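**Q**
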Amino acid sequence: MGITSKKAMSLVMFSTGKAMRKRLFIGLLGISILFLIAVFIIIWWLISRRGLLINKIITNTITAGAVFALFLLAIGFAALIWTLWNSKTAPFMQRIMKTATNTLFPISIVIGKILGWNEDRIKNSFIQVSNHLVKIKNYEEPINNILVLVPHCIQWVHCPHKITIKMSNCKECGKCQVGDLIKLTKTKKINLKVVTGGTLARKSVKELRPGAIVAIACERDLTSGIKDVSGIPVIGVINERPEGPCCNTCVDLHKVEDAINFFLKKGVY
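Quick note on our numbering: the sequence shown kicks off at -15 and runs consecutively.
#1: What first and last residue would you give for the beta strand (DSSP E) that runs through ASN175?
#2: Closer than 8 Å is the cut-off here; do at least three beta carbon pairs connect the region 86 to 95 with the region 127 to 141?
#3: I'd like the list of long-range same chain contacts for CYS137, defined as Cβ closer than 7 Å, with 5 residues on each side in sequence excluded.
#4: Name the two residues that bound the continuous beta strand (DSSP E) containing LEU131.
#5: What distance in whole Å lies between the Cβ atoms of ASN223 and ILE200, which are believed to be in contact at a cut-off of 8 Å?
#6: If you drop the 5 nearest sequence neighbours on each side, which residues of the same chain put their C-beta closer than 8 Å to that of ASN122?
#7: Compute the Euclidean distance between the alpha carbons of SER109 and ILE65, then round it to the nearest angstrom.
#8: Could you give the DSSP three-state label for VAL218: helix, strand or coil?
#9: Per DSSP, what kind of secondary structure is VAL118 in: helix, strand or coil?
#10: Under 8 Å by Cβ, that's how I've got VAL198 and VAL118 pegged, so tell me the actual separation to the nearest angstrom.
#11: With which residues is ALA201 paired in a DSSP beta bridge?
#12: Are the CB atoms of HIS145 and LYS155 within a distance shorter than 8 Å?
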């Protein structure tokens, strides 16, 4: 088999793997909608068993509200499927897609756990879906002031230099990837912040007001961060944890650079 054929096969396998990760979250969203419909039907049946007028009024009111809410969730879910399938996005559907996703997300986590899926795997799938939506969105204006957010656990655990306040304290010794990230962001002329948690990350976003964010973190922190940020496109890059969580973590620098280049060029990578 030639080198070109091997590369083509690797690309197909990589694309298929990413598609499978997205399907997990999408599938759980669909199951969540069916679960809500089932719960509504059961509640409606229990209330409607009694013939009192007040029960009928309550039943009709709850039914109308629940049907409307379920209809909106179903529309948002259908819009999400259509968007991912066609790699196109309709601006007027953005809000309803986000509302449906945020509403169904916690239910999807619970159902996924019941079905035996690892929580990090479900959140990984959510991140892949979110990244895909960011990449296919139509950006009418140039994206300026890109911010790269990095967790402090990427710094060598025994390093005596504090970099969360002053990045220039880093000696770029090579014992961790902080120096590499500094060089990369300097070359691209964009902002870099090393943060100790969600509070400091939100503070950095508020102060710098970035037009786009490349966030490096674990599945849990990325998921909460993506959901917290409103109106700012975020591409999440999941870190690697060879020594366990929050200790000497690392990241694929090629993925970080690809995410940065996407925002700089507003292209698809």
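We put the CB at the ideal spot given by N, CA and C, even for glycine. Just so you know, these numbers come straight off a predicted model, no measurement behind them.
**A** Looking at the coordinates:
#1: 175 to 179
#2: no
#3: CYS230, CYS231 and THR233
#4: 130 to 135
#5: 6 Å
#6: THR73 and PRO75
#7: 14 Å
#8: strand
#9: helix
#10: About 10 Å separates the two Cβ atoms, so there is no contact after all.
#11: ILE222
#12: yes
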